[in-house]
Structures are given as C-alpha cells and as structure tokens.
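Line by line, the protein sequences are chains A and B. For the first sequence, the positions run 1 to 329 when UniProt numbering is used. For the second sequence, the positions run 1 to 329 when UniProt numbering is used. In this text, a Cβ means the ideal position worked out from N, Cα and C, and glycines have one as well. Worksheet for the structure shown next.
There are 2 protein chains.
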Amino acid sequence: MKLASLADGSAHGALLVVSRDLTRMTPAQDIAPSLLAAVEQWANCHDALQARYQALNDGHVPGMPYDPTALAAPLPRAPQWCDGSAFLNHGYLMEQAFKLPAIPNVDTVPLMYQGASDDFLGPCDDIPLPDVAHGIDFEGEYGVITDDIPMACTPEQALRRIRLVVQINDVSLRAFTPVEIRSGFGFINAKPSSSFAPVAVTPDELGLAWRNGRVCLPLHIERNGEWFGQPNGQEMHFGFHELIAHAARTRRLRAGTIVGSGTVSNKDRRAGSACIAERRAIEMIDQGQAVTGFLQFGESVTMQAIADDGSRPFGTIAQRFVQALPAQD
Amino acid sequence: MKLASLADGSAHGALLVVSRDLTRMTPAQDIAPSLLAAVEQWANCHDALQARYQALNDGHVPGMPYDPTALAAPLPRAPQWCDGSAFLNHGYLMEQAFKLPAIPNVDTVPLMYQGASDDFLGPCDDIPLPDVAHGIDFEGEYGVITDDIPMACTPEQALRRIRLVVQINDVSLRAFTPVEIRSGFGFINAKPSSSFAPVAVTPDELGLAWRNGRVCLPLHIERNGEWFGQPNGQEMHFGFHELIAHAARTRRLRAGTIVGSGTVSNKDRRAGSACIAERRAIEMIDQGQAVTGFLQFGESVTMQAIADDGSRPFGTIAQRFVQALPAQD
Numbered sequence: 001m002k003l004a005s006l007a008d009g010s011a012h013g014a015l016l017v018v019s020r021d022l023t024r025m026t027p028a029q030d031i032a033p034s035l036l037a038a039v040e041q042w043a044n045c046h047d048a049l050q051a052r053y054q055a056l057n058d059g060h061v062p063g064m065p066y067d068p069t070a071l072a073a074p075l076p077r078a079p080q081w082c083d084g085s086a087f088l089n090h091g092y093l094m095e096q097a098f099k100l101p102a103i104p105n106v107d108t109v110p111l112m113y114q115g116a117s118d119d120f121l122g123p124c125d126d127i128p129l130p131d132v133a134h135g136i137d138f139e140g141e142y143g144v145i146t147d148d149i150p151m152a153c154t155p156e157q158a159l160r161r162i163r164l165v166v167q168i169n170d171v172s173l174r175a176f177t178p179v180e181i182r183s184g185f186g187f188i189n190a191k192p193s194s195s196f197a198p199v200a201v202t203p204d205e206l207g208l209a210w211r212n213g214r215v216c217l218p219l220h221i222e223r224n225g226e227w228f229g230q231p232n233g234q235e236m237h238f239g240f241h242e243l244i245a246h247a248a249r250t251r252r253l254r255a256g257t258i259v260g261s262g263t264v265s266n267k268d269r270r271a272g273s274a275c276i277a278e279r280r281a282i283e284m285i286d287q288g289q290a291v292t293g294f295l296q297f298g299e300s301v302t303m304q305a306i307a308d309d310g311s312r313p314f315g316t317i318a319q320r321f322v323q324a325l326p327a328q329d
Numbered sequence: 001m002k003l004a005s006l007a008d009g010s011a012h013g014a015l016l017v018v019s020r021d022l023t024r025m026t027p028a029q030d031i032a033p034s035l036l037a038a039v040e041q042w043a044n045c046h047d048a049l050q051a052r053y054q055a056l057n058d059g060h061v062p063g064m065p066y067d068p069t070a071l072a073a074p075l076p077r078a079p080q081w082c083d084g085s086a087f088l089n090h091g092y093l094m095e096q097a098f099k100l101p102a103i104p105n106v107d108t109v110p111l112m113y114q115g116a117s118d119d120f121l122g123p124c125d126d127i128p129l130p131d132v133a134h135g136i137d138f139e140g141e142y143g144v145i146t147d148d149i150p151m152a153c154t155p156e157q158a159l160r161r162i163r164l165v166v167q168i169n170d171v172s173l174r175a176f177t178p179v180e181i182r183s184g185f186g187f188i189n190a191k192p193s194s195s196f197a198p199v200a201v202t203p204d205e206l207g208l209a210w211r212n213g214r215v216c217l218p219l220h221i222e223r224n225g226e227w228f229g230q231p232n233g234q235e236m237h238f239g240f241h242e243l244i245a246h247a248a249r250t251r252r253l254r255a256g257t258i259v260g261s262g263t264v265s266n267k268d269r270r271a272g273s274a275c276i277a278e279r280r281a282i283e284m285i286d287q288g289q290a291v292t293g294f295l296q297f298g299e300s301v302t303m304q305a306i307a308d309d310g311s312r313p314f315g316t317i318a319q320r321f322v323q324a325l326p327a328q329d
C-alpha cells in the first residue's frame, strides 16, 4: 500500500492512504492519526490500512484528487535518521577525484552518519538555505522506515522489521563536507533538512524491484528540467537490512527510524549521477577540473524512481532551492 | 522552575513539576501533556507551570514524594540531539595521549556530532549494552533544551531561546571511537542511548551559576561509590548559545532540541575526570600506559552537579551498566 502525510501544520502530519496509480488520496486518521503512529502500531493498523487502500483502488471510497503539493514528508519528524553511504562507486569516485585516503573496511563495515530528523521537508516544498557559497547540492537516494529494532539484531531480523520504503533528496552543502569529515565528528552544517517523495510504500508494492533489501529501480533526476542521471538502486553494496543491523549494533532504534542508502551511484557512467558532487568528481577525473556548478537560488530538481511499467512508485520530488529569510529576534 | 517526566510507558512521558528542594513532585499534565509539549508551547505554558512550581514549593499543592526511580529522561524522545565537545582540555589530552593530529580551528569552530535522540534513558535506569569488549564508558556533561531555533540565528538570539538546562550521562563505547572518527562520518556504534539527570531546570534556577551560557558548577562523578572527578562547567570554551548557533547555521532546530557540552573537563588535574577515557589518557601521558579499565557489567556510576549551597540542582544520575538481552525474532 501507499501512505502519505497531509501537511496540516501539526508536527507529524495527518495520515492519508494514496491510490496505487497516484490519482486519489483519502484520510485514514480514523485508523491512526499520523503515519508515525501507524508505524508504531503497525500490527494493529496494517489490515485496516490495507483494506482502505484496496477500497480506494477499487473506487469504493471516494477520495480526493492526489495533490503532492499538499503533502508533507511521510514522516515530517522521525524518531531518528541514519544515512548510509552504501553505493561504494560513489565513494571511490570521490576518493579518486579528491585524492583522499581509502576508508578502511569500507566494503565490510557500512559508512553511516546520524542526521537530524526533526524537520523533514515535503516533496514540493521550497528548500530554504542561507548562502549559495555553501556549495548547495542534492542527493537522490532510497530509504526505509523501520519498526522497533532491538539492539544487536541480525540483518535477517531487521529485514522482517522494514515497514515502508521511501525516496529521499538528501540536501547537502559541499563547502562544509571536507571540514566536517576531517573533524571525524560527522556532518552538522553539511547536512541541512532533507526532503522526501510524496508516498511511502510497503515493500510488496515494489514487486520484484524489492530484492535483497534493495530498491532495484532507476532513480531519474533532472536539474532545471534537464536530465542529470538515472542510476539504479540495485548496485547498493549493503542491503537496507544490513544497514539497519549496523545502526542497531549497540542501541535499539525506535519505530519510525529512517535508514537511507546514500546517493545512488552506478559503475556505468552512462547512468549519470544522483548528485552534483559526483558529476564534478567525474569531470575532475576525466577532464582535470570540475565544470558543473553547484546550485544557485531559483534552481530546481526533480527526482522520481521509475518502475518497469513506467509508473512512479513514490511519486515525484519537485522542488526549488531558495534564499532563507534572516532569523527574527 | 524544575520539571521532570514520569515514566508512564508513553513515548514522551508525563509532565511533572518538582519542588526546588527535590522532596516532592506533582502532575502538570493539565498544563501540558509532556515536557516536550510544554517546550513547544512555552509562551503559553510558562506562567501556569511557574505558578504550580511556586505552589508546590509553598506547600499549597500536596504533591507526592520525589522518586527519581519513577522518572524517565526529561525528554525521553527529543526532536534532535547535538553534542558538542566544548571543553578543549579534554580534546588536548586525547590528542596528546593518542598522538592524534590537532583538529584545525578547534578553538573557533565548535566540534559537534549529531546523536540519536529517540531513546534516552532515565536517571536510574539500567544501561543495557551488548558487550564489555566495546570499551564501555560514561561521560558527565551539561546540556540545554531549546525552543524553536531559526536557521542562521546569532548566538545572542540562541541564548534567548534556551528554555531548560539538563545534566547528561553520554554513554560511549570507546572501541568504536577511532574507527568512526577515521571514517569522518561521526559516531553510530560509539554512541548508544544516553541518560539524563531527573530534572530539567530553567536557567534562572541556577542563579549565578548560569553565566555566559555556561553551567558554572562542579559535576561530581563516582564510579562504584568512589570519587572519580568533579570538573567544573565554567571552563567550557564555547557557551551553549554559541553551540546552538553552530548547529543552526544551515538549518532550523525544532523546539525540544537538546544541545550538549561534551565531557566536562578542567585543566587542573586535581578536578579528576568526567569519563574513563580521559583518566586513561592522563595515565598514558603521565605513566606511559592506561591503568584504569573500562566498565564491566554490574558497575555503577553516579553523577550530580553540586551548587554552592550543597544542593543538587538536577538531582542525581545513579545507574548500573548491564548485559543487554539478545534480540528476539
């Protein structure tokens, strides 16, 4: 099934069920007030939500027209957000371009940072940032929303606790990346609020494209309406279940935790890139210098996974980067 | 005033007001359901909470006996947790002991990591961890709970938005620290769930001990009932307002965000240490090798700030480290 959150001004949004073909949506607050509440009570809510979804698909409940501009992120505030860097090709390109030392055991221990999860943006929200000099970039990636994850669980246990799959624009500020990586403490200024595609979907909704804990679909990315890349999620080195088990190695994760794949990246250069930094790295490797600039205010990005039948399982991220207003006293 | 959260099984706990002398506590859910809700609606809740606090102190509301074992962390689930490393003495000792390269600009740009905030422990909760081989350590520190913080706000704007002050045991697993620092992506396995002292207090409650955005009080730490250290918060290189402004440089922070000081550490060796890793570093510098071991299961720690009048403004953290149960299918 497909779930979404109406941006109703509350911290968590109001739960909606969205039709498979993304033409209609209908409230489900009588089942659970928010998507977070549904995930927290998944066993109690699942069947009722599934029935509502089926009824909406069958035209047995009216629904309203699907309107992504009315939607918040599926979880506007998640209990926790852990973002992996599970496409090793991306890391290799960055190392090659910037002549960085290789990170030890990168193919056996997942790279992952803890991000802020209190203020996620909706699929069509403007992305306000303070300064274009910070090297504004997008990152197209996939993610999963988990149930409660016990400490030190196995990847197999984690796989059974993946409730929903999501698509993410992990906004990044590249001017801060080298400084924050060098500190060893990870990202604070380099990772402002991320945004999410309109709908979160249960893994079964992806059919054969959900394999080995991976979203095996191309993620189509356009910058200002021009093709930027369409790397496929199947080249993820670690599956989401392995990323979750890594995050939970020494602590439990509460229901609603989001675990991200990191920028989708493929070895085949014809796939393009899911972030500007990677394209610039390729330019540095191939041409000796980066040519593509980071984002200016007013630029836009669209991101959508495309299924074999041409459908967009998660809907479409379509948003602009804008100048943030100064803080008021 | 002093606020706390009753561990009632809910995600956020039930709001309590605690008497200044930590002898009585009384429900305040009629004012706000949880401490998080109170912080989110601070302007609306403040006067009513202050009146309840005054009435409790004056004996005009009955209250129940203060019982820290019934308490959760003030915010068992916070929107976000950013922990600084603002006592530079601690960092210098670690660099000296481990012959690490100096981090550039450490005295002008705060070191800070993003931690998990979905599962904070109460002041007397056992701390379950999977393996003593992970190098189990405590870290005594101070923190603040903020109101909404606008993006790119100034330290002065941030100072006016500090609502509550807290005392923290930032549990750390030292076996993971070098690996995760080397990755540049910050801490995941090295930072399991942290725990909090019983009460969160408004800055005015600290009187002259709240100065320049710092908690100028000694933090007394005992390991298994033996003195371990009592470093004073006044040597914090950056004030909390400066740490908040750093965290908010490229994003807003939602009300209820907790910002931590990092391990309290003083230049004067007679103050002892607020974490085992620092004592071990001093032993390595002075004696050529670390003598003090990390924690075994069954060991305990107590932490309490002590005011000039001998009172404990935040109450006392008193907890044991125990073996976590294996994950169930």
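From the options, pick the residue whose C-alpha is nearest to that of residue i; which is it?
| i | options | result |
| --- | --- | --- |
| V165 of chain B | B:N105, B:S261, B:Y53 | B:S261 |
| A305 of chain A | A:S19, A:M25, A:L75, A:V264 | A:V264 |
| Q96 of chain B | B:V144, B:R280, B:S311 | B:R280 |
| V109 of chain B | B:H246, B:L36, B:G310, B:A43 | B:H246 |
| Q43 of chain B | B:S5, B:D148, B:T154 | Per the sequence shown, the amino acid found at residue 43 of chain B is Ala instead of Gln. It is B:D148 whose Cα lies nearest to the Cα of A43 of chain B. |
| P128 of chain A | A:E226, A:I244, A:G184, A:S195 | A:S195 |
| residue 339 of chain A | A:G239, A:P192, A:A28 | Any property of residue 339 of chain A remains undetermined from this structure, which presents chain A solely from 1 to 329. |
| A38 of chain A | A:T154, A:A200, A:Q80 | A:A200 |
| A158 of chain A | A:I145, A:I276, A:G298 | A:I145 |
| D170 of chain A | A:E141, A:P150, A:R182, A:R161 | A:E141 |
| A32 of chain A | A:T23, A:D47, A:R211 | A:D47 |
| C34 of chain A | A:N224, A:T69, A:P74 | The question names Cys, yet the displayed sequence has Ser at residue 34 of chain A. Closest by alpha carbon: A:P74. |
| residue 407 of chain B | B:Q29, B:L219, B:L49, B:Q296 | Because chain B in this structure spans residues 1 to 329, residue 407 of chain B falls outside the shown range and cannot be described. |
| R254 of chain A | A:D125, A:M303, A:R163, A:N189 | A:R163 |
| D30 of chain B | B:L22, B:C45, B:T23 | B:C45 |
| G59 of chain A | A:L22, A:R270, A:T69, A:I103 | A:L22 |
Excluding sequence positions up to five away, which residues of its chain have a Cβ less than 6 Å from the Cβ of residue i?
| i | result |
| --- | --- |
| A78 of chain B | S117, G256, I258 |
| A197 of chain B | P123, Q167, F314, G315, I317 |
| F187 of chain A | Y113, E180 |
| R20 of chain A | N57 |
| T26 of chain A | V17, L56, V61, G63 |
| V291 of chain A | E283 |
Excluding the 5 residues preceding and the 5 following residue i in the sequence, name in chain order all residues of the same chain whose CB lies nearer than 8 Å to its CB.
| i | result |
| --- | --- |
| Q289 of chain A | E283 |
| A152 of chain A | A248, R249, T250 |
| L93 of chain B | S265, E278, A281, I282, I285 |
Cα separation between residue i and residue j?
| i | j | result |
| --- | --- | --- |
| F314 of chain A | L206 of chain A | 10 Å |
| P203 of chain A | D286 of chain A | 38 Å |
| Q323 of chain A | P178 of chain A | 23 Å |
| L71 of chain A | A7 of chain A | 5 Å |
| V106 of chain B | G115 of chain A | 22 Å |
| G91 of chain B | D131 of chain A | 31 Å |
| D119 of chain B | R252 of chain A | 8 Å |
| G184 of chain B | D83 of chain B | 16 Å |
| G13 of chain B | S5 of chain B | 5 Å |
| Q54 of chain B | A209 of chain B | 21 Å |
| E139 of chain B | P155 of chain B | 25 Å |
| D329 of chain B | P150 of chain A | 9 Å |
| S193 of chain A | S193 of chain B | 23 Å |
| A51 of chain B | W227 of chain B | 38 Å |
| residue 337 of chain B | A11 of chain A | Since the first residue shown for chain B is 1 and the last is 329, residue 337 of chain B is missing from the structure and cannot be characterised. |
| I244 of chain B | C216 of chain B | 18 Å |
| N224 of chain A | L295 of chain A | 10 Å |
| P65 of chain B | A327 of chain B | 36 Å |
Where DSSP assigns a beta bridge to residue i, which residues make up the other side?
| i | result |
| --- | --- |
| T108 of chain B | Paired residue(s): none; T108 of chain B is not in a bridge. |
| R320 of chain B | B:S300 |
| D137 of chain A | A:S172 |
| Y142 of chain B | B:Q167 |
| S195 of chain B | B:L121, B:N169 |
| D83 of chain A | A:Y113, A:G260 |
| C216 of chain A | DSSP output for C216 of chain A lists no bridge partner at all. |
| A200 of chain B | B:L3 |
Within a Cβ cutoff of 7 Å, which residues of the same chain sit near residue i, ignoring the five residues on either side of it in sequence?
| i | result |
| --- | --- |
| H134 of chain A | L173, A175, F176 |
| N266 of chain B | N89, P231, N232, E235 |
| P101 of chain B | none |
| R36 of chain A | The residue you asked about is not Arg; residue 36 of chain A is Leu in the sequence shown. Once the five neighbours on either side are set aside, the close Cβ partners of L36 of chain A are H12, L75, G256. |
Is any heavy atom in the ligand MG found nearer than 7 Å to the beta carbon of residue i?
| i | result |
| --- | --- |
| S117 of chain A | Annotation note on the ligand MG: not contained in the displayed structure, which lists no ligands. |
Minimum length 3: unbroken beta strand (DSSP E) runs contained in the UniProt domain "Fumarylacetoacetase N-terminal" (1 to 77) of chain B: Correct list: 2 to 6, 14 to 18, 24 to 27.
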